[in-house]
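Novice:
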Amino acid sequence: MWVSDLYGFLWLRSIPAWIGWIITGFCIIYVVNAVNLIDGIDGLASGLSAVALGWYSYVFCVYEEYAWMVLSGATLGTLIPFFYYNVFGNPEKQKKIFMGDTGSLTIGIMLAFLTIAVFNIPEDAVSSGSNIFIMAVSPLILPCFDVARVFLHRVRHGRNPFLPDKCHIHHKFLALGLLQWQALVSIVAFDMLFVIINVLMSRVMQPTLIILGDVLLWVALNVLLTRIIRARERRLGKVLYD
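Residue numbering for the sequence shown follows my numbering, starting at 1429 and increasing by one per position.
1) Going by C-alpha to C-alpha distance, which of Gly1528, Ile1544 and Asp1470 sits closest to Asn1518?
2) To the nearest angstrom, report how far apart Trp1609 and Gly1501 are at their CA atoms.
3) Quick test of your reading: Ser1432 and Ile1450, contact by CB under 8 Å. State the CB separation rounded to the nearest angstrom.
4) Count the CB pairs spanning the segment 1523-1539 and the segment 1459-1475 that are closer than 8 Å, and state whether there are at least three.
5) Buried or exposed: Tyr1693, going by 16 or more other Cβ atoms within 10 Å of its Cβ?
6) CB Leu1568 to CB Val1459, shorter than 8 Å?
7) What are the start and end residues of the alpha helix (DSSP H) that includes Ile1562?
8) Could you tell me which of Ile1562, Leu1602, Ile1597 and Pro1571 sits nearest to Leu1668, measuring between CA atoms?
9) Is the segment 1618-1638 touching the segment 1547-1566, taking contact as three or more C-beta pairs under 8 Å?
10) I'd like the span of the alpha helix (DSSP H) that includes Gly1448, first residue to last.
11) Just confirm the distance between the C-beta atoms of Val1616 and Val1515, as a whole number of angstroms; I'd bet it's less than 8 Å.
12) Name the two residues that bound the continuous alpha helix (DSSP H) containing Leu1644.
13) Please state whether DSSP places Ser1442 in a helix, a strand or coil.
14) Under the assumption that Ile1402 contacts Phe1437 (Cβ atoms under 8 Å), give the Cβ distance between them as a whole number of angstroms.
15) Between which two residues does the alpha helix (DSSP H) harbouring Leu1527 extend?
16) What are the partner residues of Asp1433, as DSSP defines its beta bridges?
17) Does the Cβ of Asn1626 have 16 or more other Cβ atoms within 10 Å, making it buried, or fewer, making it exposed?
18) Beta carbon of Ser1532, beta carbon of Ala1473: below 8 Å?
19) Identify the continuous alpha helix (DSSP H) that holds Val1632 and give its terminal residues.
20) By the 10 Å Cβ neighbour count, where 16 or more other Cβ atoms means buried, how is Trp1496 classified, buried or exposed?
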């Protein structure tokens, strides 16, 4: 199972097998690391993963890919109780649990394979106006964009791009003065917004233009957040976000 068709992204359709294998390998590595690196506040990695798993379960159900639907649905089922105890659990009563690298990497590899599985849905089974590429990548747009932005941010400031820091999207929301749960709800809501907008726009717009629009929206959001943070820093007289 591998990515053999880009369904119009970059105006490309069927691609040679060796290119598809490279894209598939890159997709797996990228998604796994994106989920791992976004795990910065309680419930964020599991919340974003739950959105993706819920969306994939729906897609597989609609297009009668029931084996994949069961797999994605079962994974979602394991995340729901984890999310509850991760976000609302009380550590003093030993009822709070954490994901850790093992959990985030496991969820990441599962999401990567489910993404590739969506790419392999028979195109003749897809309803007119829907685009498989957009259905596959939309729920992972936010964590994947965040990894790319953080990498470029570190390189731009002369830092090692592989060393951890506090410049992820959730750090920006916290620097605005939001509580952790408020940052969590905001980021998950933005992720769901990406999915809804992309799927609706895929009926009338070429997928390359949709992804370009996502990039512009992501850049605009980050520029706006940074300006608000800098204004808050000047008002408080201290650094909130580096």
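Virtual Cβ for every residue (Gly too), placed ideally from N, Cα, C.
Specialist: For this structure:
1) In the sequence shown, residue 1518 corresponds to position 90, counting from 1. Nearest C-alpha to Asn1518 among Gly1528, Ile1544 and Asp1470: Asp1470.
2) As a first step, residue 1609 must be located in the sequence shown, where it is residue number 181. As a first step, residue 1501 must be located in the sequence shown, where it is residue number 73. Put simply, the backbone Cα of Trp1609 is about 25 Å away from that of Gly1501.
3) Looking up residue 1432 in the sequence shown gives position 4. Looking up residue 1450 in the sequence shown gives position 22. 12 Å between Cβ atoms; not a contact.
4) The segment 1523-1539 makes contact with the segment 1459-1475; the number of CB pairs closer than 8 Å reaches 3 or more.
5) Shown here, the chain extends from 1429 to 1670; a query on residue 1693 therefore has no answer.
6) Counted from its first residue, the sequence shown places residue 1568 at position 140. Counted from its first residue, the sequence shown places residue 1459 at position 31. In this structure, Val1459 lies closer than 8 Å to Leu1568 by Cβ.
7) Here residue 1562 refers to the residue found at position 134 when the sequence shown is read from its first residue. Unbroken alpha helix (DSSP H) run through Ile1562: Ile1560 to Val1565.
8) Here the question's residue 1668 lines up with position 240 in the sequence shown. Considering only alpha carbons, the answer is Leu1602.
9) They touch, by the three-pair rule.
10) Here the question's residue 1448 lines up with position 20 in the sequence shown. Note, Gly1448: alpha helix (DSSP H), Ala1445 to Leu1465.
11) Position 188 of the sequence shown holds residue 1616. Position 87 of the sequence shown holds residue 1515. Not confirmed; about 11 Å, so no contact.
12) Along the sequence shown, one-based indexing puts residue 1644 at 216. Segment Pro1635 to Leu1664, the alpha helix (DSSP H) holding Leu1644.
13) Counted from its first residue, the sequence shown places residue 1442 at position 14. Strand, per DSSP.
14) Look at the range of the chain in this structure, 1429 to 1670, and you will see that residue 1402 is not part of it.
15) In the sequence shown, the residue the question calls residue 1527 occupies position 99. The sequence shown places Met at residue 1527, not Leu. Met1527 -> no alpha helix (DSSP H), and no H or E assigned at all.
16) Position 5 of the sequence shown holds residue 1433. BP columns for Asp1433 point to Ser1442.
17) Residue mapping note: residue 1626 aligns to position 198 of the sequence shown, counting from 1. By the neighbour-count rule (16 or more Cβ atoms within 10 Å), Asn1626 is buried.
18) Counting from 1 along the sequence shown, the entry for residue 1532 is found at position 104. Counting from 1 along the sequence shown, the entry for residue 1473 is found at position 45. Against a cut-off of 8 Å, the Cβ pair of Ala1473 and Ser1532 comes out as a contact.
19) As a first step, residue 1632 must be located in the sequence shown, where it is residue number 204. Neither: Val1632 is in no alpha helix (DSSP H) and is coded neither H nor E.
20) As a first step, residue 1496 is located in the sequence shown; it is residue number 68 there, counting from the start. Buried.
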